[in-house]
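Shown next, in structure tokens, is the structure this report addresses.
Chains as they are written, first to last, in this note's numbering: chain A, 1447 to 1667; chain B, 144 to 599.
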């Protein structure tokens, strides 16, 4: 109970910081993906398409009888597509693109907010510097897992949709291995969230324990 | 106050009536692929000729209907399925592998279903997909790909064909490097010699051959698995507007008739609509071409789709697909009946290029005079030599592979001269075997033409 109260207090104290960092993280991640695509394919994007996301969501809600089916379909709806069209053949074929997907922006916002909370708590944590580094590294691993599995780059291989493994394929991982890993996306993403959540709760618990027994721990002795 | 109330009440009562009097707007959203030849009869041709509009119902409950028809062009089938799931498309046209992904993805949901209502065209043996190497490459057969890099658009029909081809040739995945590349990138890499081989679907291999950048070493027909395309529809849309689906399928049938009526006119028009060279399209849509335009659903097609599903299950673990629930002949049968056509008769016919193309004449596409036909090889070569002699521009020449009956560009075929006889082949190995068996020699197209150049 004390842990939850500490956590609530930390969130209240840092909510602006969390909000700003969440938004920044989500936006900067899009920029990073676009830069990665441009570097990988040595070309600038030459087309941008905006999609009416609210209308698309409205259509999905109206035409999908099962609520359970709605979420995964809405989850894949795009807001913006920025990419490179190859006009050498036919009327043009999109070779690669970055797809800005609101559902992923939301996930990335939460990651950014959680990371900023983690870091704020680590900074205030009275542990040894070695432990502090471990905590930061754990935060980093959690963030990496979530960010990696929420990448929305599309390398327009036929019949493909934006998938997180495109990032791995771009780095040179084999197609079969990438496809095998694709199934693990939700698991890896979930693991990342579990790590971050565990970190936050762990830090709150330590703070609660220290508050109860202020002499029990040496602060950077 | 009394008047105001009266007016308000009357207006309120009239609002629903006014709505009822308005014509119902019915949106028909179709996803097609202008860079996939086998989809044209349910896509670009129907769109550009306005054939759907021609067959849409105008009486009964549709008497006041206002049609809002939208066409969206995609470079592959996957996004069409996603858009259908989101109900932004009602009808989609795509190749065999994407089709089964479509069916499986819909059946994976609790409340949504798609149905496979008709084919667009097929090649019995699987031509349309092919493996191509750079034109200067010293690779001539699939077994030479051991240890080499092969790219393909993963998830496409060409990918499925590549996997099957490699399995048939005892080449496990570890013995070659599979790369994921889009058609345009694969074609560009073949042109630049950056990849050892590229496997792609129709008409990419022929585009590369026509442009002189690539050479086929393996044709999809060698897998023996039919290559087909078809039409899928959201089931809720089909149930609400069955007449619209029938109208669409009538348009598909008429699109096929329009192409068969005058292939040269058709491919010339289609070049303008799609940007794909007409000479390449002619390879598909002319008599003896790769594609048999026919929308019936044959048992062999169902078997092929089941086989493809098995391949995908092995590779990507896609969801199961209940084929009986997914495939329905009701709409295409109704369309045939309305047009006074015999569905069962068409369904019973299966065109095998090896038999159907036997004895078909060779063709020359003269830039000014159009296509002319030649029943024998000497006639054909004499005509080519004569036209070359006058400096005439030839768009393309067409011959047939002796082994498969596949229509080929004259310039990309392997030629064998045995005595006074000439024969043409898709693959070098078979050409060499034929030459050895008939005391002949493998020659180039130019050498064959040179034999018929007359002095003066």
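For each residue, glycine too, the CB sits at the ideal point set by N, CA and C.
Could you pull out every residue in the same chain whose Cβ sits closer than 7 angstroms to the Cβ of residue i, ignoring the five residues on either side in sequence?
i              : result
residue 380/B  : 233
residue 422/B  : 353, 508, 538 and 539
residue 1552/A : none
residue 108/B  : Missing from the structure shown is residue 108/B; chain B here goes from 144 to 599 and no further.
residue 439/B  : 262, 475, 486, 489 and 490
residue 591/B  : 524, 558, 560 and 565
residue 1651/A : 1449
In the structure shown, what three-state DSSP assignment does residue i receive?
i              : result
residue 524/B  : helix
residue 371/B  : strand
residue 596/B  : coil
residue 175/B  : strand
residue 239/B  : helix
residue 1655/A : helix
residue 270/B  : strand
residue 515/B  : strand
residue 357/B  : strand
residue 461/B  : coil
residue 582/B  : coil
residue 1648/A : helix
residue 281/B  : coil
residue 1500/A : helix
Since residue i sits in a beta bridge, which residues does DSSP pair it with?
i              : result
residue 483/B  : In DSSP, residue 483/B forms no bridge with anything.
residue 566/B  : 559/B
residue 587/B  : Residue 587/B is not bridged to any residue.
residue 1599/A : 1544/A
residue 292/B  : 320/B
residue 436/B  : 264/B
residue 552/B  : 541/B
residue 276/B  : 358/B
residue 1529/A : 1493/A and 1543/A
residue 1507/A : Answer is none; residue 1507/A lacks a bridge partner.
Alpha carbon to alpha carbon, how far is residue i from residue j?
i              : j              : result
residue 311/B  : residue 513/B  : 41 angstroms
residue 567/B  : residue 559/B  : 6 angstroms
residue 1515/A : residue 376/B  : 18 angstroms
residue 1504/A : residue 349/B  : 43 angstroms
residue 1467/A : residue 211/B  : 45 angstroms
residue 479/B  : residue 485/B  : 7 angstroms
residue 411/B  : residue 429/B  : 12 angstroms
residue 511/B  : residue 527/B  : 14 angstroms
residue 200/B  : residue 390/B  : 7 angstroms
residue 347/B  : residue 257/B  : 29 angstroms
residue 1550/A : residue 1559/A : 14 angstroms
residue 543/B  : residue 1548/A : 53 angstroms
residue 383/B  : residue 373/B  : 21 angstroms
residue 473/B  : residue 260/B  : 8 angstroms
residue 339/B  : residue 585/B  : 24 angstroms
residue 498/B  : residue 268/B  : 12 angstroms
residue 443/B  : residue 550/B  : 23 angstroms
residue 1653/A : residue 1640/A : 20 angstroms
residue 506/B  : residue 516/B  : 4 angstroms
residue 367/B  : residue 298/B  : 19 angstroms
residue 236/B  : residue 215/B  : 11 angstroms
residue 1668/A : residue 1546/A : Because residue 1668/A is not part of the residues shown, which for chain A are 1447 to 1667, the question remains open.
How far does the beta strand (DSSP E) with residue i in it extend, from its first residue to its last?
i             : result
residue 261/B : 257-266
residue 344/B : Taken as a continuous stretch (DSSP letters only), residue 344/B belongs to no beta strand (DSSP E), as it is neither H nor E.
residue 216/B : 209-216
residue 539/B : 537-543
residue 508/B : 505-509
residue 231/B : It is not in any beta strand (DSSP E) - residue 231/B carries neither H nor E in the DSSP assignment.
Under 6 angstroms Cβ to Cβ from residue i, same chain only, skipping five residues before and after it: list those, please.
i              : result
residue 1581/A : 1568
residue 1612/A : 1599 and 1601
residue 416/B  : 187 and 191
residue 1606/A : The predicted position of residue 1606/A is uncertain, since its pLDDT is 48 and thus under 50; no value can be drawn from it.
residue 303/B  : 240, 451 and 454
residue 394/B  : 189, 194, 195 and 198
Taking the alpha helix (DSSP H) that residue i belongs to, which residues open and close that run?
i              : result
residue 1522/A : Looking at the DSSP string, residue 1522/A is not in any alpha helix (DSSP H), and its letter there is neither H nor E.
residue 411/B  : 406-417
residue 1533/A : Segment: none, residue 1533/A is in no alpha helix (DSSP H) and carries neither H nor E.
residue 1463/A : 1448-1487
residue 426/B  : 421-428
residue 380/B  : 378-383
residue 187/B  : 187-192
residue 363/B  : Neither: residue 363/B is in no alpha helix (DSSP H) and is coded neither H nor E.
residue 309/B  : 300-311
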